[in-house]
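Note sheet for the following structure.
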Amino acid sequence: MGLSKKWIGHIEAWQASGLPQADFCRQQQLNAKTFAARLCEYRRVQPALPPPPAFIPVQVQVPASEPFVLRHTGGHSLELPPGVSAAWLAELWRCLG
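According to UniProt numbering, the sequence shown holds residues 1 to 97 in order.
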């Protein structure tokens, strides 16, 4: 036997209320044991919702920026394009040092 619209309405009202079952039943003058039994039946017949994704895929875009300029006290400068590899820059620094 399926749940009546009345019980489905009570269950959905309880879910929206945020109240504990006992408080909701007391407020609505419902038998708590009957409510719990109807809730079990409701949960059995309702299709299970898929769980929300644990991660939301995102795409990170590097904003266009000005070139990075290194200036040496001797008057030399090195202009690097945006997004230059930190590893490449470290190797260059090591070679020049």
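Glycine included, each C-beta is placed from N, C-alpha and C at the ideal position. Bear in mind that the values here come from a model prediction, so they are computed numbers and not experimental data.
{"Check": "Pairwise C-alpha distance: residue 81 and residue 87", "Outcome": "14 Å"}
{"Check": "Member of 18, 21 and 28 whose CA lies at the smallest distance from the CA of residue 133", "Outcome": "The displayed coordinates of the chain run from 1 to 97. Any statement about residue 133 would go beyond what the structure contains."}
{"Check": "Spatial distance of residue 83 from residue 72 (CA atoms)", "Outcome": "21 Å"}
{"Check": "Where residue 93 falls, given that 16 or more other Cβ within 10 Å makes a residue buried", "Outcome": "exposed"}
{"Check": "Chain-order list of residues whose beta-carbon lies under 6 Å from that of residue 35 (same chain, five-residue window excluded)", "Outcome": "25"}
{"Check": "Beta-carbon proximity check, residue 78 vs residue 70, cutoff 7 Å", "Outcome": "yes"}
{"Check": "First through last residue of the alpha helix (DSSP H) which encompasses residue 99", "Outcome": "A query on residue 99 cannot be resolved here, the shown segment of the chain reaching from 1 to 97 and no further."}
{"Check": "C-beta atoms of residue 107 and residue 30 nearer than 7 Å", "Outcome": "The structure shown does not extend to residue 107, since the chain is modelled only from 1 to 97, so the question has no answer here."}
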